[in-house]
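Residue numbers (my numbering): 26 to 351. No residue lacks a Cβ here, since even glycine has one placed at the ideal position from N, Cα and C. Because the structure is a prediction, the values reported are computed rather than measured.
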């Protein structure tokens, strides 16, 4: 009886010690034990709970991630760069260009303002954008279905004024290809899918397609669409979590979020997509809604982040000024 009691107490002590070591991120006791060298086998590498979670593609829950990111931000902001390290500049944004592609697809169903919109867009772009400006384009750039089909319209976009044009994916980016290949073909175009940093000018981009917010998902498709929404939310959290040090190393005004779908409900209620964005980004641009649907787009400031609705037909096919003299 005493032997059984002794073993159970020892087991509890060992489990408590292992639990404390897990929380501290240290290797577990069971993983520190040496193995005999036999038949060419070597002692297994040490690992931690966090490393095993990363290998499995899992990680902390959003709340834990948020706390970890905030702690990282506080640490880095104390040792951050001096103000004025990067030159002042202007950032503009316009989304949903819907260039017609080789099939000459139109957007006439959303109203007469879309007729001949490419010529209006080029005219307004040349009037509004300077050669040293940064332009953000959050998705739905062209109706092309392959990169070879999209190449001509991307070349046209590349030739418009602007030092750098950052493109992110929308729900119609069927032509999207490898980033390395696309950037090699263009001088001013950058392609963001997740996190994208432009260190020479001190600008960071967190990009995500987003998805229909849970409140507006139809009941008959709720299971599948909630899965898509959660996948995009996890993608956004991963971009912020894995690049927290870089995001915190520059002033907040130089971090931008690009989402295609609206991340804020029509009454101004933040969604889950707002949580990772608000930690570092002073501005978030989005589009997706056209015609009368655009009336439901909410713009304004929430928890330190300003949201800008920049769908082309709602900006008059003119890039909108988002920030300047940062």
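For residue i and residue j, I'd like the C-alpha separation in whole angstroms.
i           : j           : result
residue 66  : residue 245 : Because the pLDDT of residue 66 is 39, which lies under 50, any placement of that residue in the model is unreliable, and the number read from its coordinates should be weighed accordingly. Cα-Cα distance, rounded: 54 angstroms.
residue 135 : residue 230 : 30 angstroms
residue 302 : residue 349 : 20 angstroms
residue 345 : residue 324 : 13 angstroms
residue 295 : residue 288 : 7 angstroms
residue 273 : residue 182 : 31 angstroms
residue 128 : residue 241 : 32 angstroms
residue 331 : residue 206 : 33 angstroms
residue 312 : residue 163 : 7 angstroms
residue 118 : residue 158 : 10 angstroms
residue 145 : residue 305 : 35 angstroms
residue 195 : residue 165 : 5 angstroms
residue 329 : residue 308 : 9 angstroms
residue 234 : residue 217 : 10 angstroms
residue 293 : residue 184 : 37 angstroms
residue 191 : residue 214 : 6 angstroms
residue 236 : residue 283 : 13 angstroms
residue 79  : residue 140 : Confidence in residue 79 is poor, its pLDDT being 43 and thus under 50, which makes the residue's placement too unreliable to answer from.
residue 121 : residue 142 : 12 angstroms
residue 188 : residue 290 : 33 angstroms
residue 156 : residue 243 : 45 angstroms
residue 277 : residue 225 : 17 angstroms
residue 256 : residue 223 : 26 angstroms
residue 259 : residue 220 : 13 angstroms
residue 123 : residue 132 : 8 angstroms
residue 281 : residue 268 : 13 angstroms
residue 210 : residue 347 : 28 angstroms
residue 180 : residue 212 : 9 angstroms
residue 238 : residue 285 : 12 angstroms
residue 297 : residue 254 : 10 angstroms
residue 147 : residue 341 : 12 angstroms
Could you tell me which residues DSSP pairs with residue i in its beta bridges?
i           : result
residue 215 : 191
residue 349 : 115
residue 331 : 308 and 326
residue 162 : 192
residue 283 : 232 and 310
residue 167 : 124
residue 336 : 120
residue 295 : 289
For residue i, which residues in the same chain have their Cβ closer than 6 angstroms to its Cβ, ignoring the five residues on either side in sequence?
i           : result
residue 339 : 319
residue 343 : 149 and 153
residue 172 : 200 and 202
residue 193 : 163, 164, 217, 232 and 283
residue 138 : 338
residue 310 : 118, 161, 163, 283, 333 and 335
residue 115 : 158 and 349
residue 275 : 227
Quick one: what's got a C-beta closer than 8 angstroms to residue i's C-beta in the same chain, skipping five residues either side?
i           : result
residue 126 : 167, 168, 169, 170, 174, 175 and 178
residue 204 : 216 and 218
residue 28  : Any reading at residue 28 needs caution, since the residue's pLDDT is 40, under 50, leaving its predicted position unreliable; the model's value is listed next. None.
residue 151 : 185 and 186
residue 208 : 214, 215 and 216
So, at 7 angstroms on beta carbons, what are the nonlocal neighbours of residue i in its own chain, with the 5 sequence-adjacent residues on each side left out?
i           : result
residue 130 : 168
residue 299 : 288, 289 and 327
residue 322 : 287, 314 and 334
residue 316 : 135 and 136
residue 81  : For residue 81, the predicted structure reports a pLDDT of 38, less than 50, and the residue's modelled location is therefore unreliable. A value from the coordinates is still provided. Nothing listed; no residue qualifies.
For this session: Could you tell me whether the stretch 192-199 touches the stretch 247-265, using the rule of 3 or more Cβ pairs below 8 angstroms?
Result: no
Exercise. Does the count of Cβ pairs from the stretch 333-341 and the stretch 263-282 closer than 8 angstroms reach three?
Worked result: no
Exercise. What residue ranges within the stretch 219-272 form continuous alpha helix (DSSP H) runs of no fewer than 4 residues, ordered along the chain?
Worked result: 247-267
Exercise. Which parts of the stretch 126-159 are runs of the alpha helix (DSSP H), unbroken and 4 residues or longer, counting only runs that do not cross its ends?
Worked result: 142-153
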